[in-house]
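Note sheet for the following structure.
In our numbering, the protein residues as written are 686 to 1168.
Written out as structure tokens, the structure reads:
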């Protein structure tokens, strides 16, 4: 038995496959909110550094020109696998700028976990075949060690600017993103990509690393179309709640918290890509510090908190501290990467009764969101109902399909957002992915145990009852978790 989105959900739209991801996000032809009506896409929550949506678009183009000169990448020569750049940094306002500049050159961006050691980073860079790396001063030592291990010359190590609070004002002999952008302003424009039918479906945009359902980290090949599909799915899923609530009767534009790592699929797709596409503003914070988080909410009037359960627990236990700040701008929180227990959600709701507490489920291999709680259909403990364009099955250990509600089994997911597969790992691909037999996308065995239940609204909701792993680890002080 297959489960599908509620009848009230918008129908899935056709997804273009001759358009690159940055063109889809940046071209007013596709955007849900034109640049002229968008908020500044990324603002540093510490320094206030920000750029308008159109300024951001210009910066991407200038950076692409500089990278073409620096690395010899030509837009329509070679394959994407010859133009891979590693991104190993704490969150910055230009993290997505770098990825999109690489995509302009028909290359691949490979985000790396900022918690990686030099050896772990070296493994990823070598496996990916990265030709250069962008990092930040706090992570520079690890990045240089890893670059040496894999043979990336130091002249191809570049620096993401960060506030002085993280750099101590330290200067290093490596080109920064800002310097590359200035360099690019004086270089000729790059030629346009010459994409053929289906190229968006075939061409890898991101090589992210995931442990999958088991084993060592694997290189997950995420296509341009995978990303575009999930952006559309999330936008459709939330369009009713946002419709007519923005300037001039347009869709609402949120001010979102950008604290979770942009190297993780949750931060990359749900916060960065979808937010930029919808004209939202993301307030960027490099790491979790309670006072800094609360100050940013107060100063920038953040309306949506994208967080994970440990931060929720921290906010509950530190209520005496948080009560000193003006948090009235917050309208909703959204948690993912691990289940948020019903009791924890209720505890938070008691402290902040005006906050909508929402949850979602997804994974790197589904290019993020599978199901999300909508603002109109909150049911504590569940991960919400399916996004448009998704089909799921619940399968028993013997391989038979569950045919009723409230019976556990492994969750199998189908969508055009399901990724291309694992790089150079046919055994894992055969174990994890199933072919598209009806034109609705590939299937993935998630390895997660779930049930489908009928919510009080009458919609079918998915609840994850057992996860193999937590996908995001945030350093929340034990003091806030255990108080």
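Glycine residues also receive a C-beta, built at the ideal position from the N, C-alpha and C atoms.
Inter-residue distance for residue 1017 and residue 835 is about 44 angstroms (C-alpha atoms, whole angstroms). As for any beta strand (DSSP E) of minimum length 3 sitting wholly inside the region 899-983, the runs are 903-908, 940-943 and 966-969, ordered along the chain.
When Cβ pairs closer than 8 angstroms are counted between the two stretches, the region 969-980 is seen to touch the region 766-780, the count reaching three or more.
Residue 967 places its beta carbon less than 8 angstroms from that of residue 943.
Here the alpha carbon of residue 730 sits roughly 16 angstroms from the alpha carbon of residue 952. Take residue 1060, set aside five residues on each side of it, and the residues of its chain with a beta-carbon closer than 8 angstroms to its own are 923, 926, 1017, 1041 and 1043, in chain order.
In this structure residue 690 is not in contact with residue 947, their Cβ atoms being roughly 28 angstroms apart against a cut-off of 8 angstroms. Below 8 angstroms, too few C-beta pairs join the region 758-774 and the region 716-725 to call them touching: fewer than three.
Contact check for residue 698 against residue 917 passes: the beta carbons are separated by less than 8 angstroms. Shortest Cα-Cα distance from residue 704 to any of 694, 715 and 695 involves 715. When DSSP assignments are scanned along the region 1091-1130, the uninterrupted stretches of alpha helix (DSSP H) that are 4 or more residues long and fall wholly within it turn out to be 1111-1117.
Here the alpha carbon of residue 988 sits roughly 18 angstroms from the alpha carbon of residue 735.
Inclusion of residue 771 and residue 799 in the CB contact set at 8 angstroms is not warranted, their separation being larger than that value. The alpha-carbon separation between residue 1027 and residue 1065 amounts to approximately 5 angstroms. C-alpha of residue 938 to C-alpha of residue 964: approximately 6 angstroms in a straight line. Shown here, residue 780 sits in a helix according to DSSP, grouped into three states. Annotated as distal: residue 1090 and residue 1142, with beta-carbon spacing of 8 angstroms or more. Take the alpha-carbon of residue 851 and the one of residue 845: they are about 12 angstroms apart. Counting C-beta atoms within 10 angstroms of its own C-beta, residue 857 has fewer than 16 neighbours from the protein chains shown and is therefore classed as exposed.
The region 782-791 and the region 744-751 touch, with no fewer than 3 CB-CB distances between them shorter than 8 angstroms.
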